[in-house]
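Each residue of the sequence shown is one higher than the last, beginning at 53 in the working numbering. Don't be surprised by glycine CBs; every beta carbon is placed ideally from N, CA and C.
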Amino acid sequence: MANFSQVPNEILLLVAKSLSSQKDINALVRTNWRLCHLLHAFLCDFNIQHHQSSGLLYTAGSGNSTLVKKFLNAGASIASFELLPDEDETDFEEFEKQDSPLLRAAQNGHVGLLNTMLSETNPSRACIPPQLRTVLHWAIETGNQVVVELMIAHQAPLGRPRVPGDDSTALSQALELRCGKSIIECILQTGWKPTALFPDPFVQATYYSGTSILQLLLRYNLRPRSTRILSHISRRGDTASLQILIDSGLDMIVYGHIALLVAIDLGHQPMVQLLIEAGANPHLSSIDTNWWYYSTIWHAVLYRQYDILKALVDNGVRPDYQDFQLAIDMNFLEAVALLEGFSYENIPKKMRREKWVQYWENKRTADPDFQRLE
53 MANFSQVPNE
63 ILLLVAKSLS
73 SQKDINALVR
83 TNWRLCHLLH
93 AFLCDFNIQH
103 HQSSGLLYTA
113 GSGNSTLVKK
123 FLNAGASIAS
133 FELLPDEDET
143 DFEEFEKQDS
153 PLLRAAQNGH
163 VGLLNTMLSE
173 TNPSRACIPP
183 QLRTVLHWAI
193 ETGNQVVVEL
203 MIAHQAPLGR
213 PRVPGDDSTA
223 LSQALELRCG
233 KSIIECILQT
243 GWKPTALFPD
253 PFVQATYYSG
263 TSILQLLLRY
273 NLRPRSTRIL
283 SHISRRGDTA
293 SLQILIDSGL
303 DMIVYGHIAL
313 LVAIDLGHQP
323 MVQLLIEAGA
333 NPHLSSIDTN
343 WWYYSTIWHA
353 VLYRQYDILK
363 ALVDNGVRPD
373 YQDFQLAIDM
383 NFLEAVALLE
393 GFSYENIPKK
403 MRREKWVQYW
413 ENKRTADPDF
423 QRLE
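So, in structure tokens, the structure goes:
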């Protein structure tokens with residue numbers, strides 16, 4: 053090897069270029085320190101040209117910042133590791149296998165190296181937003197707040213990806229995984245707000261024990277955008293969460309009626325009482341897509357909720373003949389006994405729920421604090 057060490061550099065480079073295998077080049081590089089120093093840049097170039105910069109991926113995982121910089125200086129691109137969909141592409145299974153030097157560094161705890169790569173500004177080397185999003189979601193999933201904060205500081209996308217069928221956002225994932233309050237607050241502090249109705253962060257927040265996350269969303273000026281949250285809370289009989297939404301200004305006079313029917317169906321009497329006290333109107337009727345009539349009393353009869361039925365009647369809700377007939381048809385004897393004492397002649401027609409909502413939405417429009425729901 054002493055004679056070999058005297059071979060001119062130009063000849064050694066020609067020998068290296070004649071090799072077609074990265075394994076052979078790597079073995080040559082490791083022969084001695086002179087060859088390592090001489091041929092290392094060539095090995096990086098070869099890896100970039102013939103192996104899609106795979107060396108950068110493994111180097112980032114090992115935390116070798118010096119070698120990562122050599123790869124980048126040699127022309128390796130962090131962005132080259134991201135699969136981007138064609139507009140006509142329908143097979144998105146590969147998106148479950150996304151990998152990048154950023155992700156490798158994060159997964160192996162090399163936060164300093166991760167920050168170095170994130171700070172790369174050369175367009176031909178730098179990462180791209182989908183890679184930032186991947187690392188952010190990994191950090192959320194693993195509860196790594198340091199990386200979450202780092203990715204947010206480097207403008208990782210917080211919204212939905214370009215992949216069809218994936219509705220997740222940073223906030224929805226954090227809530228879905230029941231992340232701690234501090235990680236959720238990191239996301240909320242950016243001022244980002246969801247633009248889609250689903251996933252609904254308020255629905256997700258109710259799955260936490262207690263109401264602290266629900267209150268956190270409200271504190272950062274997120275507001276419910278759909279009546280879905282009211283139906284969801286009503287279905288769970290969650291009066292604590294409902295009271296918080298009422299206190300935040302959500303108008304039960306306009307939007308409390310579907311939730312009221314849900315609470316009646318499931319026999320959640322405290323929820324029924326709270327909704328009515330907050331303004332939900334029990335005196336409305338409606339017609340479904342099959343042109344079936346229904347009202348609050350009709351629902352109480354249908355689901356055999358006698359205590360709620362009696363409470364509605366005691367609160368002045370007037371039964372219609374259809375309600376009485378339903379009780380007879382169902383052989384619901386207690387309800388029949390309660391309703392048969394009413395006269396069903398010249399009963400004032402109940403306002404349709406849809407017209408009621410439209411009327412109050414129009415009336416509330418001038419109020420800047422009014423929260424319109426879809």
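Nearest candidate by alpha-carbon position, reference residue i, set the options
i, options, result
"Leu202", "Ser283, Gly164, Val365", "Gly164"
"Gly368", "Trp344, Leu336, Ala292", "Leu336"
"Phe394", "Phe376, Leu210, Met403, Glu386", "Phe376"
"Leu266", "Val409, Arg230, Gly319", "Arg230"
"Thr242", "Gly232, Val255, Leu223, Phe250", "Leu223"
"Arg280", "Gln295, Ala292, Ser261, Pro253", "Pro253"
"Ile328", "Val314, Asp340, Ile339, Ser338", "Val314"
"Asp218", "Thr186, Pro322, Ile235, Leu240", "Thr186"
"Leu170", "Gln197, Arg416, Ala208, Ala389", "Ala208"
"Lys233", "Ile204, Ile399, Gly195, Ser338", "Gly195"
"Tyr355", "Leu119, Ala205, Val409, Asp317", "Asp317"
"Met403", "Tyr345, Ala205, Leu390", "Tyr345"
"Met323", "Thr348, Asp290, His351", "Asp290"
"Ala349", "Gln325, Ala387, His320", "The question names Ala, yet the displayed sequence has Ile at residue 349. Taking only the C-alpha atoms, the option nearest Ile349 is Ala387."
"Ser347", "Arg405, His162, Ser261, Arg287", "Arg405"
"Ala131", "Leu184, Lys122, Thr118, His206", "Leu184"
"Leu240", "Ser117, Ile204, His351, Gly161", "Ile204"
"Ser338", "Arg287, Ile180, Val409", "Val409"
"Gly319", "Glu392, Asn398, Arg287", "Arg287"
Same chain only: Cβ atoms within 7 Å of residue i, ignoring 5 sequence neighbours per side
i, result
"Glu237", "Leu268"
"Glu413", "Val306, Arg424"
"Ile298", "Met304, Ala330"
"Ser176", "Ser129"
"Ser278", "Leu249, Asp252, Leu425, Glu426"
"Asn167", "Leu202"
"Arg416", "Asp303, Val306, Phe422"
"His206", "Leu170, Leu184"
"Leu378", "Trp350, Val353, Leu354"
Own chain residues within Cβ distance below 6 Å of residue i, not counting five before or after
i, result
"Asp97", "Ala126"
"Phe147", "Legend: pLDDT at Phe147 = 41, less than 50; position of this residue unreliable, no value from coordinates given."
"Ala128", "Ile100, Ser105, Leu108"
"Trp244", "Leu210"
"Glu172", "Ala178"
"His162", "Gly115"
Anticipated Cβ contact below 8 Å, residue i with residue j, distance rounded
i, j, result
"Leu282", "Ala248", "That pair is no contact at about 18 Å."
"Thr258", "Ile285", "6 Å"
"Thr221", "Pro246", "6 Å"
"Tyr411", "Tyr396", "Actually they do not touch by this definition, with Cβ atoms about 27 Å apart."
"Leu361", "Val353", "6 Å"
"Ile192", "Gln225", "5 Å"
"Gly308", "Ala332", "3 Å"
"Gln321", "Asp359", "6 Å"
"Val198", "Ile235", "About 11 Å separates the two Cβ atoms, so there is no contact after all."
Check: residue i C-beta below 7 Å from any heavy atom of the ligand NAD
i, result
"Ser106", "The model depicted lacks the ligand NAD and carries no ligand whatsoever."
Own chain partners of residue i with C-beta closer than 8 Å, once the 5 adjacent residues on each side are dropped
i, result
"Gln295", "Leu326"
"Asp151", "Leu109, Phe133"
"His189", "Ser220, Ala222, Gln225"
"Pro334", "Leu312, Ile328, Thr348, Leu364, Asn367, Val369"
Do the segment 152-163 and the segment 112-127 meet, that is, are 3 or more Cβ pairs less than 8 Å apart?
yes
Evaluate contact between the segment 371-386 and the segment 267-281, counting only Cβ atoms and requiring at least three cross-stretch pairs below 8 Å.
no
Of all the beta strand (DSSP E) runs that stay within the bounds of the segment 296-366, which reach a length of 3 or more residues?
337-339, 345-347
Ordered list of alpha helix (DSSP H) runs contained in the segment 103-132, each at least 4 residues:
106-114, 117-125
Three or more C-beta pairs closer than 8 Å, one from the segment 356-375 and one from the segment 294-302: is that the case here?
no
Ranges of the beta strand (DSSP E) found wholly within the segment 140-216, counting only runs of at least 3
Fully enclosed beta strand (DSSP E) runs of 3 or longer: not present.
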